[in-house]
Structure formats: structure tokens, C-alpha cells
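A.B. asks: Chains as they are written, first to last, in our numbering: chain A, 76 to 275; chain B, 1098 to 1248.
For every residue, glycine included, the Cβ atom is placed at its ideal position computed from N, Cα and C.
What you are looking at is a predicted structure, and each value in this text was computed from that prediction instead of being measured.
1. Going by the beta-carbon positions, is the gap between residue 179 (chain A) and residue 126 (chain A) smaller than 8 angstroms?
2. According to DSSP, is residue 250 (chain A) part of a helix, a strand, or is it coil?
3. Name the two residues that bound the continuous alpha helix (DSSP H) containing residue 143 (chain A).
4. Using a C-beta to C-beta distance shorter than 8 angstroms, which residues of chain B count as neighbours of residue 155 (chain A)?
5. Quick one: is residue 247 (chain A) buried, meaning 16 or more other Cβ sit within 10 Å of its Cβ, or exposed?
6. Return no unless some Cβ of chain B is closer than 8 angstroms to the Cβ of residue 265 (chain A).
7. Kindly list the residues whose CB is nearer than 7 angstroms to the CB of residue 1142 (chain B), restricted to its own chain and excluding five residues on each side of it in sequence; keep chain order.
8. Buried or exposed for residue 112 (chain A), going by 16 or more other Cβ atoms inside 10 Å?
9. Would you give the residue range spanned by the alpha helix (DSSP H) that residue 216 (chain A) belongs to?
10. Any beta carbon of chain B sitting closer than 8 angstroms to that of residue 235 (chain A)?
11. Output, in chain order, the set of chain B residues within a Cβ distance shorter than 7 angstroms of residue 133 (chain A).
12. Would you grab the beta carbon distance between residue 258 (chain A) and residue 229 (chain A) for me? Rounded to a whole angstrom, and I think it's under 8 angstroms.
13. Determine the chain B residues that contact residue 171 (chain A) at a beta-carbon separation under 7 angstroms, and present them in chain order.
14. Within 10 angstroms of its Cβ, does residue 1159 (chain B) collect 16 or more other Cβ (buried), or is it exposed?
15. Restricting to Cα atoms, I'd like to know which of B:1157, B:1133, B:1235 is closest to residue 144 (chain A).
16. I'd like to know if residue 1127 (chain B) contacts chain A, where contact means its C-beta is closer than 8 angstroms to some C-beta of that chain.
17. How about residue 157 (chain A) and residue 110 (chain A): do their beta carbons lie closer than 8 angstroms?
18. Residue 1114 (chain B) CB to nearest chain A CB: under 8 angstroms?
19. If you run the structure through DSSP and keep just helix, strand and coil, what is residue 161 (chain A)?
20. With a Cβ-Cβ cutoff of 8 angstroms, do residue 1111 (chain B) and residue 234 (chain A) count as a contact?
21. Verify the CB distance criterion: does residue 129 (chain A) have a CB-CB separation below 8 angstroms to chain B?
22. Compare the Cα-Cα distances from residue 1127 (chain B) to each of A:122, A:133, A:103, A:101 and report the closest residue.
Here is the structure:
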């Protein structure tokens, strides 16, 4: 049984504002100029995207310093591999992919290190437990814990960055149908595990 | 049949997602943009310095050349040990020969022959041998008749 709110929410934002199209065209022009060696164009791209990417990485990591390091690594990697960027795709798609992969690689390495050095000692203090419990109350923290990478990314681009379905699909390099499925599954998981009367 | 969550939960969740995304949006640190651009400029400088790469090649060539020269010098057969080993043997042979030959004894007394034997090729190493030869000569002279020694 389809949720009425889901359709309403999606249809009201299927035709996004044209200023987003203008922004995308400008980003594409800057990316092409940067690809040819224009450093000023690349700096403008950094200035346009750093805020959004920082928020995205912070939501993924819940750590300011790590998000800053990953953001820097994302742009340096993008600069280094600019010759591989295909202007057929949106620049934001490309750079969000780099950021996601860097975050995934970081957590993979961290898990490997932790498994090698596991000695059964857990670092829990009353303050750290309080911070952990406070963070757990945030719906985004719960989403990060419950959802897969793609489900979380779809949820973030759609709700966190206030994009419409087409823009979310564009950034994730997926079809609109795939994004709808990801959003639906993400909502179902959150609704199952979040109490309905849990409001602030 | 799988029970789906109550639809009324969704607006609440969606509202929370949007509200908390805005409320918890991290403040972008003012230094971060400069830090990012400094890292990018450093990356750009790495690729616009071709001489560094060229210097790296020549550095390896020079190091290889020096290593080859050092190896060649280390492995080159040194003539000195052979001459050193030959000289004492020659000197002792001459001592024996001189002790048994009058004429050769007379020519050995001259400075020229003595210098050739003792001072050539290595003065330092043959000085002690020269001393031994002189001692041998003294002994032989004492044993010989005085007329032959003064010829």
C-alpha cells in the first residue's frame, strides 16, 4: 500500500527550480576550464562545493576533524585525476563519488587496524557514553547505523541537501527509479525502528 | 503478509530528517578553504617541476657511475703486492749470488746497483731489506781477501 505522503512529497519536487540547472551548467563550464589547466576555475568549484561536501562527510563520519581531512583529500584527488573527468556527467556526481569512496576506504582501514589490535579493552567514560547516547538520538545518526551506504546517501541528498528526485539520481549516477526504491527502503527501515511517538 | 509501518510515521520522520539536517549542519571552518587550496597548489607544483624528475635521473646515473668506479678500483689487481713479494726474494737471491761470486760482489758495492735494488720501487718497504743486504755484504767482505774487496 503506497504511502500518500511519499507521492505528494515527490511530485511537489519533480520539477525543481531552474536556478539549479543554471548552477549545474556553470559547474560544468568551470570543470571543463579546470580540466584544461585553469586553477582559478578549480578554486571556484572548490568554493561552490566545499560546504555541501563538508556537511555530507560530517554526516557520514560524525567527526569534524575526519570530515575536514576527507574533504581535503577529496579535492586533492579530484585535482590529481581531473584528466579522467568525463564532462558527460555532472561534476557533483564525480566529486561526491570520490568523497564517498574515500570515506569507505577510511572506515575499511580503521576496521582492519582495530581487528589487528583488538585487546578487549573498551574505552568508555561517563562523558563519552553521554555523547554517544545524545548522538544516537539524532535521526541521522540512527540512519547512518541502520542503512546501507546507498540508502543513506539517497536520504541525505534528498532530505539533507533538499534535492529533488532527478537531482538526487544525477548526483548518485543512478536512475530515478533506483533512487525511489532506495528512498522507500530507507524510510521503511527508519519507520520500523524509530518509535512513532518519538518527537522532540 | 508483511506488516508495513503506519504511514503516519513517515511525515514525522521526513520532518525530523529535514529539521535535524538544518539544525545539525556543521559550520564550515574559515581556515579550511585556504588549507584545501594550499594542498592543491602543492599538488600542482609537484607536477610542474620537470627538472626535479630530470635531476632524479641524472642523480641515479651519477651514483651508478661512481659506484662502478669504486667497484673497479676495489677489484683492480694491484701491482704493488707482486712487486713487494718479488723484491725481497730478488734481494735474497742476490745475497746468495753475491756471496758466491767475486765479480758480482764488486759491482754490487757501487752506488748505482745498490740504489736500483734498494730504492726501486718502494723505498720504505725495502729499507729494512737493504739493511739486511748491507749486513750480509759486510760479513762477506770480512771473509774475503783484502785485494779483491778494493778492486
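C.D. replies: Let me spell this out:
1. no
2. In this structure, residue 250 (chain A) counts as coil in the three-state DSSP scheme.
3. 139–155
4. Within 8 angstroms Cβ-Cβ: 1140.
5. By the neighbour-count rule (16 or more Cβ atoms within 10 Å), residue 247 (chain A) is buried.
6. yes
7. none
8. Residue 112 (chain A) should be labelled exposed.
9. 214–221
10. At least one chain B Cβ lies under 8 angstroms of residue 235 (chain A).
11. Within chain B, the residues near residue 133 (chain A) are 1123.
12. 5 angstroms
13. Those do not exist, as residue 171 (chain A) stays about 16 angstroms from chain B at its closest Cβ, beyond 7 angstroms.
14. exposed
15. B:1133
16. With 8 angstroms as the cut-off, residue 1127 (chain B) does not count as an interface residue toward chain A.
17. yes
18. Yes, residue 1114 (chain B) counts as interfacial toward chain A.
19. coil
20. yes
21. yes
22. A:122
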